[in-house]
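Quick note on the working numbering: the sequence shown kicks off at 83 and runs consecutively. See below for the structure under consideration.
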Amino acid sequence: GDTVMGVFLDTYQNLTLKAVMGLRWLSDTCHDIRLLIKMDDDVFFNVHKFFYNYWRKMPYSKRTNSIHCNLWHNAQVFRTGKWKVEKGLFANSSYNFPYCSGFFVVISSNLINTLYKHSKTIDFFWIDDVFLYGMVTEAVGGVRFYQLGAKEELVSDSYETFQKCIIKGRRCRTWAVLTDGEGEFDAEYKRRFSRTSLSKQNVVKSS
Numbered sequence: 083g084d085t086v087m088g089v090f091l092d093t094y095q096n097l098t099l100k101a102v103m104g105l106r107w108l109s110d111t112c113h114d115i116r117l118l119i120k121m122d123d124d125v126f127f128n129v130h131k132f133f134y135n136y137w138r139k140m141p142y143s144k145r146t147n148s149i150h151c152n153l154w155h156n157a158q159v160f161r162t163g164k165w166k167v168e169k170g171l172f173a174n175s176s177y178n179f180p181y182c183s184g185f186f187v188v189i190s191s192n193l194i195n196t197l198y199k200h201s202k203t204i205d206f207f208w209i210d211d212v213f214l215y216g217m218v219t220e221a222v223g224g225v226r227f228y229q230l231g232a233k234e235e236l237v238s239d240s241y242e243t244f245q246k247c248i249i250k251g252r253r254c255r256t257w258a259v260l261t262d263g264e265g266e267f268d269a270e271y272k273r274r275f276s277r278t279s280l281s282k283q284n285v286v287k288s289s
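This is the structure we're talking about:
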């Protein structure tokens, strides 16, 4: 795949710039994509489950002007810690608009250029999830959100919760999980790979 590079420091506080840069590149370069899946590099994603159990069954009306994600409503504005926001930057104690967790977001193709254009019209906010999937979508207006997290359990930001889901076997609906470091990601990869290898061995033995 392509590696897209921008002229700015690659820091946590500049993730918003990186996200907007990605939208600009897609707007300028890719005009025939059907959807955009944006996910962090530590997310384990079951592509087959997503397309066959979710996206393929989605009516066309929900594939346009829509964003599918782990959605937050009236989320707290943190004044300390990793996501500290000064009152001078955002005075409210909670975000008065819905926004997506950025670890896994599905965006309909017709919104890509629209989001990019509107991102240039509002003040910069360093938390990319809040800015791009909250402030910008609020400015766009009419964007439909579809919940993948919470009770839907299609995506999870907790690997521990996902482990409990796995016990259900095929009844586990989750197809994207945020892992905590290389250890969890590698463990999940090995578990899936071992299961696939075992299945192939059984097929060979049966034949």
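Just so you know, even glycine gets a beta-carbon here, dropped at the ideal spot from N, CA and C.
By the neighbour-count criterion, in which a residue is buried when 16 or more other Cβ atoms sit within 10 angstroms of its Cβ, Asn152 is buried. Taking 3 residues as the minimum length, the beta strand (DSSP E) runs contained wholly in the region 137 to 163 are 148 to 154, in order along the chain. Of the other Cβ atoms in all chains shown, fewer than 16 fall within 10 Å of the Cβ of Phe133; this residue is therefore exposed. Counting the other CB atoms within 10 Å of its CB gives Val218 a total of 16 or more, which places it among the buried residues.
Remark: C-beta atoms of Tyr215 and Tyr181 approach each other more closely than 8 angstroms. Here the alpha carbons of Glu266 and Ser190 stand approximately 30 angstroms from one another. With fewer than 16 other Cβ atoms from the protein chains shown falling within 10 Å of its own Cβ, Ala232 counts as exposed. Taking the C-beta atoms as reference points, Thr256 is found no nearer than 8 angstroms to Tyr241. Look at Ala101 here: in three-state DSSP terms it is helix. Note: Lys131 is not bridge-paired with any residue in the DSSP secondary-structure output.
Annotated three-state conformation of Met121 is strand, per DSSP. Rounded to the nearest whole angstrom, the C-alpha separation of Gly170 and Val159 is 12 angstroms. Under the three-state reduction of DSSP, Leu236 is assigned to coil, being neither helix nor strand. Following the DSSP letters along the chain, one finds Val89 in no alpha helix (DSSP H), marked with neither H nor E.
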